[in-house]
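Trainee: Take any residue in the sequence shown, count from 1 to its spot, add 722: that is its number in the working numbering. Virtual Cβ for every residue (Gly too), placed ideally from N, Cα, C.
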Amino acid sequence: MSRIGKLPVHVPAGVKVSISGSTVNVEGAKGKLTKTFDGSAVKISLDGDAIHVVPANDSRFAGAMHGTVRALINNMVKGVVDGYQKQLEIQGVGFKASLSGDKLDLSLGHSHPIVYTVPAGIKVVITDGVKIDVSGADKHMVGQVAADIKAFKPVEPYKGKGVRIVGEYVHRKEGKKTA
Numbered sequence: 723m724s725r726i727g728k729l730p731v732h733v734p735a736g737v738k739v740s741i742s743g744s745t746v747n748v749e750g751a752k753g754k755l756t757k758t759f760d761g762s763a764v765k766i767s768l769d770g771d772a773i774h775v776v777p778a779n780d781s782r783f784a785g786a787m788h789g790t791v792r793a794l795i796n797n798m799v800k801g802v803v804d805g806y807q808k809q810l811e812i813q814g815v816g817f818k819a820s821l822s823g824d825k826l827d828l829s830l831g832h833s834h835p836i837v838y839t840v841p842a843g844i845k846v847v848i849t850d851g852v853k854i855d856v857s858g859a860d861k862h863m864v865g866q867v868a869a870d871i872k873a874f875k876p877v878e879p880y881k882g883k884g885v886r887i888v889g890e891y892v893h894r895k896e897g898k899k900t901a
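#1: Reducing DSSP to helix, strand and coil, say where His732 ends up.
#2: Using only alpha-carbon positions, find the residue among Ser781, Val888 and Leu826 that is nearest to Val837.
#3: Flag this pair as touching only if the stretch 857-870 and the stretch 791-807 have three or more C-beta atom pairs under 8 Å; answer yes or no.
#4: Excluding five sequence neighbours on each side, which residues of the same chain lie with their C-beta closer than 7 Å to the C-beta of Gly858?
#5: I'd like to confirm the pairing. Which residues does DSSP put opposite Pro876 in its beta bridges?
#6: Please check if any C-beta of chain C sits within less than 7 Å of the C-beta of Gly823.
#7: Tell me the residue span of the alpha helix (DSSP H) that contains Val852.
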């Protein structure tokens with residue numbers, strides 16, 4: 723049985739949680755999130771200001787999902803209270819980003835500009851043309867948008883040009899030596 727799954731999820735003041743079957747709705751200051759879980763694996767209950775997750779049976783799948791579902795619900799509660807944020811940075815001569823509405827325009831050294839549509843619920847802020855802040859209430863969506871932007875031009879190991887997450891270590895290689 724999962725040690726994390728045994729812990730209840732505390733619901734802070736100002737957060738509304740409703741559970742219907744295996745669907746959990748969480749609403750707070752930063753937004754509203756809804757997620758449906760496998761009802762045959764876990765049972766979710768709301769007891770005052772705490773959410774409890776218990777395995778539905780003794781199967782291996784139910785045991786595996788026990789801690790996972792609890793962690794996902796905890797991330798939903800944290801997301802509507804504090805939100806999540808990822809910071810990206812673009813390095814390279816002439817590499818830049820601009821935002822118009824929900825369209826992110828990236829110039830990353832390709833022969834064409836890359837236009838990325840920012841999904842609903844995600845906020846993107848660009849500073850200095852090379853720093854991108856991705857924020858939102860859904861942890862998965864924030865991470866996915868950051869990964870999608872990074873995938874357009876991953877950092878190359880020789881000159882370090884490309885899109886990187888702030889604080890990420892990039893292994894640099896030594897260039898070709900001439901005799």
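Mentor: Concretely, from the data shown:
#1: Against the sequence shown, residue 732 aligns to sequence position 10. His732 falls in the strand class under three-state DSSP.
#2: Taking the first residue of the sequence shown as 1, we reach residue 837 at position 115. That would be Leu826, whose Cα lies nearest to the Cα of Val837.
#3: yes
#4: Taking the first residue of the sequence shown as position 1, residue 858 is located at position 136. Here the set comprises Gly805, Tyr806, Gly843, Ile844, Lys845 and Val864.
#5: Counted from its first residue, the sequence shown places residue 876 at position 154. Pro876 is bridged to Val885.
#6: Protein chains in the displayed structure number just one, and chain C is not present.
#7: Here residue 852 is taken as the residue at index 130 of the sequence shown, counted from 1. Element bounds for Val852: n/a, residue is neither H nor E.
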